[in-house]
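Novice: Before anything else, here's the structure in question.
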Amino acid sequence: MALRVYNTLSGKKEEFVPLAPGKVKMYVCGVTVYDHCHIGHARANVVFDMIYRYLKYVGLAVTYVRNYTDIDDKIINRANRDGIPWHEVSERFIAEFDKDMAALGLELPTHQPKATEHIPEIIAIVARLVEKGHAYAVEGDVYFRVATFADYLKLSKRNLEEMQAGARVEVDGRKENPMDFALWKGAKPGEPSWESPWGAGRPGWHIECSAMSMKFLGETFDIHGGGKDLVFPHHENEIAQSEAANGRPFVNYWLHNGFVNINSEKMSKSLGNFFTIKEVLERYDAEVLRFFLLSAHYRSPIDFCDQNLNEAHAGLERIYKGLAEIDRVCAGKREAGGLLSDGGRELEEKVRDIGLRFREAMDDDFNSALAIAGLFDLTRVVNRVAAEDSVVSDRLCEILATARQAVIDVGRVLGLFTSEPAEYLGRIKSRRAAELEISTEEIEGLIGERALARKSKDFKRSDEIRDLLLSRNIALLDSPLGTTWAVK
RNA sequence: GGCGGCGUAGCCAAGUGGUAAGGCAGAGGUCUGCAAAACCUCUAUCCCCCGGUUCAAAUCCGGGCGCCGCCUCCA
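Read in order, the letters of the first sequence are residues 670 to 1157 in my numbering.
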């Protein structure tokens, strides 16, 4: 089955056919490094990391470029505010971005270029646009002349006249057309600048992506991604610049991820309802966040709230527990032979199909939500076998081991299940225990006391202890091997 | 006002022509001294409403209602 992707340009799902067989060139807009990243950045980057991994998984050789926009008005503002040089702002937040992405378990892109390291390339494109009549200089600024690009707004499917009619922007009288946008901004006194044919200045917002994608991926490449909010104006303007300069199609497939809402509200700085990645990771394990982000289709809006995160936590834990069950069962006593119970046979079947189900789900526009459903399905049957089969045969363990590997393989694409199950469950437990008012020693002591009470059949005292701990959010789990505890 | 998207059980969420995945929560059962976990069974006669196309529609078309996003920096 072939990979199909939703292309913003056509508004439809299309079969993905790379320009060069077996190779994919992909560019994703990175961040402007002037502040800490928030949960919306987390989604965009996790989503495209998943896409990157899947493309590789199906055997494609992917060149993945994700840029840093390290010169921009916001960076300059922040530097002025903090009284430090602009490059200290960008350097600091590049480092913070890298930390966040590493914490989220992202793979590194093939290239991570910076705008300021491509000034000559940027100037060259601007010069070419001026030369071809697609751009004009005014008092040190250079603007793109949208009237010369017939396909303008083909991505966002808007209409130039109507946009102007409804424009909320103050019109800059120096522009020929209010919709013309800056390719190059002349420097005001004290601002960072680079020499150019139009005087000292710096690149406009959109041009660096045209320059860097062209440098690393060529004039036409396969996939360009980013958040939905970049469709207009950023990506629209990239198309205009690149196609006007090169006279060739810029990108074949445009992929855009949906927004993160906070408690069903749009997340925005003005509403103050945004969370940085670091804040979220203080409260939730990185893998839980990743699981949450991938549990909905990447184009759907997703609602960030405690209930949904807690559900993600429960779901991820369920699958990890299933993996831990496999480890437990197969480490125990086994019998030679290949007899399988009904459950064993069902598991055999599920394991056989899981790879195909995964590919079908992911081939359909990277449907990670459906892919995860397949894992839950497999987990249920694993648990059934673990609960019902008193005799564990070598054959069953082989199948369980295959199931375990299948989950790990899927996890490798989704960036999940990277920990040993026991290690993950332990990590979660101690994380939650740290929030408790009660010490581990105290819990263990009470469990010991209860064990004595149970031995002497003093179930009244036994239940008192259970209830006492339960009131402190500790659940006791009795098993033939003894009593363990978990945080509720 | 223009453009785009969405509306599936209490909640989250797949499903774009063949008769409703999965998770959470809930009910009953198995197990347990009692529990928890796990497993089993059940929980949408129906997919916002009204028309239409079709042998067949949550899925396609038309109309309506509601919600959201973009149009300004934004992942």
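Heads up, the beta-carbon is just placed ideally off N, CA and C, and yes, glycines get one too.
#1: What distance in whole Å lies between the Cβ atoms of G855 and E808, which are believed to be in contact at a cut-off of 8 Å?
#2: Under a Cβ-count criterion, where at least 16 other Cβ atoms within 10 Å of its own Cβ denotes burial, should G1084 be classed as buried or exposed?
#3: Take I1112 and list the residues in its own chain whose beta-carbon comes closer than 7 Å to its own, dropping the five residues that flank it on each side.
#4: Does the beta-carbon distance from G1006 to N1052 come in below 8 Å?
#5: Under the DSSP definition of a beta bridge, which residues are partnered with N676?
#6: Beta-carbon within less than 6 Å of K681's beta-carbon, same chain only, minus the 5 sequence neighbours each way: which residues are those?
#7: Quick one: Cα of R700 to Cα of L899, how far?
#8: Where E1106 and R1141 are concerned, what is the direct C-alpha to C-alpha distance, given to the nearest angstrom?
#9: In or out: G712 buried (at least 16 other Cβ within 10 Å) or exposed?
#10: Is DSSP giving M695 helix, strand or coil here?
#11: Cutting at 8 Å between CB atoms, please list the residues of its own chain near V1061, excluding the five before and the five after it.
#12: Under three-state DSSP, which class holds F890?
#13: Specify the secondary structure class of I1160 as computed by DSSP and reduced to three states.
#14: Just the C-alpha distance for R1119 and F1128, rounded to the nearest angstrom, thanks.
#15: Under the three-state reduction of DSSP, which class applies to D996: helix, strand or coil?
#16: Counting only runs of 3+ residues fully inside the stretch 799-864, write out the beta strand (DSSP E) ranges in chain order.
#17: Based on the DSSP secondary-structure assignment, which residues constitute the bridge partners of T1152?
#18: Which residues share a DSSP beta bridge with L924?
#19: Identify whether R1003 lies in helix, strand or coil by the three-state DSSP scheme.
#20: Just how far apart, CA to CA, sit H904 and S862?
#21: Quick check on H982: does DSSP put it in helix, strand or coil?
#22: Can you find the residues in the same chain that come closer than 6 Å, C-beta to C-beta, to Y953, ignoring five residues on each side of it along the sequence?
#23: Quick check on Q1074: buried or exposed, where buried means 16 or more other Cβ atoms within 10 Å of its Cβ?
#24: Should E907 be labelled buried (16 or more other beta-carbon atoms within 10 Å of its own) or exposed?
#25: From Y733, R722, D718, G728, pick the residue whose C-alpha is nearest to that of K694; which is it?
#26: Which term fits S1131, buried or exposed, when burial requires 16 or more other beta carbons within 10 angstroms of its beta carbon?
#27: Can the beta-carbon of Y737 be found closer than 8 Å to that of I753?
#28: Do you know whose CA, among D891, P847, H707, lies nearest L688's CA?
#29: Who are the Cβ neighbours of A869 in its own chain at under 6 Å, not counting the five residues just before and after it?
#30: Quick check on the DSSP output: the alpha helix (DSSP H) that includes Y726 runs from which residue to which?
#31: Quick check: the stretch 717-731 against the stretch 771-789, are there 3 or more CB pairs under 8 Å?
#32: Report the three-state DSSP secondary structure of D1132 (helix, strand or coil).
#33: Among A784, I876, V920, L1008, which one has its Cα closest to the Cα of H893?
#34: If you draw a straight line from the alpha carbon of L678 to that of H803, how long is it in whole angstroms?
#35: By how many angstroms is the C-alpha of S911 removed from the C-alpha of A816?
#36: With a threshold of 7 Å on Cβ separation, who are the neighbours of K1098 within its own chain once the five nearest residues in sequence on each side are excluded?
Specialist: In short, the structure shows the following:
#1: Contact holds; Cβ gap of about 6 Å.
#2: buried
#3: Taking I1112 as the centre and dropping the five residues before and after it, the same chain places the C-beta of L1138, I1143, W1154 closer than 7 Å to its C-beta, in chain order.
#4: no
#5: K681
#6: Result list for K681: empty, nothing under 6 Å.
#7: The question names Arg, but residue 700 is Val in the sequence shown. C-alpha separation (whole angstroms): 11 Å.
#8: The straight-line gap from Cα to Cα measures roughly 8 Å.
#9: Reading off the sequence shown, one finds Arg at residue 712, where the question assumed Gly. Looking at its Cβ environment, which holds 16 or more other Cβ atoms inside 10 Å, R712 is buried.
#10: strand
#11: V998, C999, G1001, K1002, R1003, E1004
#12: strand
#13: Nothing can be reported for residue 1160: it is not among the residues displayed for the chain, which extend from 670 to 1157.
#14: 9 Å
#15: helix
#16: 804-807, 810-813, 850-855
#17: D1147
#18: G894
#19: In the three-state reduction of the DSSP assignment, R1003 falls in the coil class, being assigned neither a helical nor a strand state.
#20: In a straight line, the C-alpha of H904 is about 25 Å away from that of S862.
#21: helix
#22: L978
#23: exposed
#24: A buried status is given to E907, since no fewer than 16 other beta-carbon atoms sit within 10 Å of its beta-carbon.
#25: Y733
#26: Here S1131 is buried: its Cβ has 16 or more other Cβ atoms, across all protein chains shown, within 10 Å.
#27: No, they are not a contact pair.
#28: D891
#29: A856, S862
#30: 708-726
#31: yes
#32: helix
#33: The shortest Cα separation from H893 among A784, I876, V920, L1008 belongs to V920.
#34: 22 Å
#35: 15 Å
#36: A1155, V1156
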